[in-house]
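Notes follow the structure.
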Amino acid sequence: MSDRPGLEHVQVTVNGKLFERDVEPRLHLGDFLRHELKLTGTHIGCEHGVCGACTVIFNDAPVRSCLMFAGQANGARITTVEGLARADGQLHPVQEAFRNRHALQCGFCTPGMLMTIVAFLSESPTADEVDIRDAISGNICRCTGYETIVDAALDAGRVLRGEA
Ligand code: FES
Ligand code: FES
Numbered sequence: 000m001s002d003r004p005g006l007e008h009v010q011v012t013v014n015g016k017l018f019e020r021d022v023e024p025r026l027h028l029g030d031f032l033r034h035e036l037k038l039t040g041t042h043i044g045c046e047h048g049v050c051g052a053c054t055v056i057f058n059d060a061p062v063r064s065c066l067m068f069a070g071q072a073n074g075a076r077i078t079t080v081e082g083l084a085r086a087d088g089q090l091h092p093v094q095e096a097f098r099n100r101h102a103l104q105c106g107f108c109t110p111g112m113l114m115t116i117v118a119f120l121s122e123s124p125t126a127d128e129v130d131i132r133d134a135i136s137g138n139i140c141r142c143t144g145y146e147t148i149v150d151a152a153l154d155a156g157r158v159l160r161g162e163a
C-alpha cells in the first residue's frame, strides 16, 4: 500500500537490483519495466497476451508482462533481457547462439523469444526440435525467422548441456 492516495507501492527485484515505486493500480508490468525502470529491452506488441514480445522471467517462470499489473509484482524477482548477459559483458548462451545463427531480423520479437527460450531450457535442457517449436509457439516473429531461432535454441541447449 502506498502512502499516496490511489497509488500502489511496489517493491521488486529486477535483474538483481531492488526497485521501489508508487504506481497507478492499472499500470501493467511491461509498461512499469519500460517507463518506470527504463528497461526498454522488454518490447510491447499486442498488449493482450498474443504475441509474446513482452515475456520476462517472473520468479523463474516466463510470463507476459502485458497481462500482469505492476502491483502484482510486489515482492517478486524478475529477469528481463537486460539481465541475461553477465556483468563482464559475456552473453548468455542463448544470446550467443542467436548471434551466431543470425536468429533475428528486425529484432522486435527477440527479447521475448530469448526470455521464453532461456526459461524453457533451464527447465528442459534436453529439449529437441519439436519441444522447442512447442515452447515458442506462443511467440510471434513477424519477420517469420523461426528456422534460425529454433536452430539457435538447439545450439544453446547443447552448450547448456556441456556438449558444445
Ligand atoms: S505485448 Fe504482451 S503478449 Fe503481446
Ligand atoms: S525478428 Fe522481426 S519480429 Fe522476429
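The opening position of the sequence shown corresponds to residue 0 in numbering that gives the first Met the number 0, with each subsequent residue numbered one higher. Ideal Cβ placement from N, Cα and C applies to all residues, glycine included.
In the three-state scheme derived from DSSP, where H, G and I count as helix and E and B as strand, Gln-71 is classed as helix. For Cys-50, the closest alpha carbon among the candidates Ala-155, Val-129, Arg-160, Thr-115 is that of Thr-115. The beta carbon of Val-158 sits closer than 8 Å to the beta carbons of Pro-92, Glu-95, Ala-96 from its chain, once the five residues preceding and following it are set aside; these are given in chain order. With a cutoff of 8 Å on beta-carbon distance, Arg-100 and Asp-150 are scored as near each other. Shortest Cα-Cα distance from Ser-136 to any of Pro-124, Thr-125, Phe-119 involves Phe-119. His-34 and Glu-81 have their C-alpha atoms roughly 15 Å apart.
Rounded to whole angstroms, Val-129 and Arg-141 show a C-alpha spacing of 21 Å.
Excluding its 5 nearest sequence neighbours in each direction, Pro-24 has C-beta neighbours in its own chain below 8 Å: Gly-5, Leu-6, Glu-7, Phe-68, Gly-70, listed in chain order.
Annotation for Arg-141 indicates a beta carbon within 7 Å of some heavy atom of ligand 2.
DSSP, reduced to helix, strand and coil, places Gln-104 outside both helices and strands of the structure shown, so it counts as coil.
Boundaries of the beta strand (DSSP E) harbouring Leu-17: 16-22, taken from the DSSP string. Scanning its chain for C-beta atoms nearer than 6 Å, with the 5 sequence neighbours on each side dropped, one finds around Cys-105 the residues Cys-142, in chain order. His-8 sits in a strand when the DSSP states are folded into three classes.
DSSP, reduced to helix, strand and coil, places Val-93 within a helical segment of the structure shown.
For Ala-60, the closest of Phe-107, Glu-46, His-42, Ala-75 by C-alpha to C-alpha distance is Ala-75.
His-34 carries a helical assignment under DSSP once its states are collapsed to helix, strand and coil. The Cβ atoms of Ala-152 and Ile-139 do not sit closer than 8 Å to each other.
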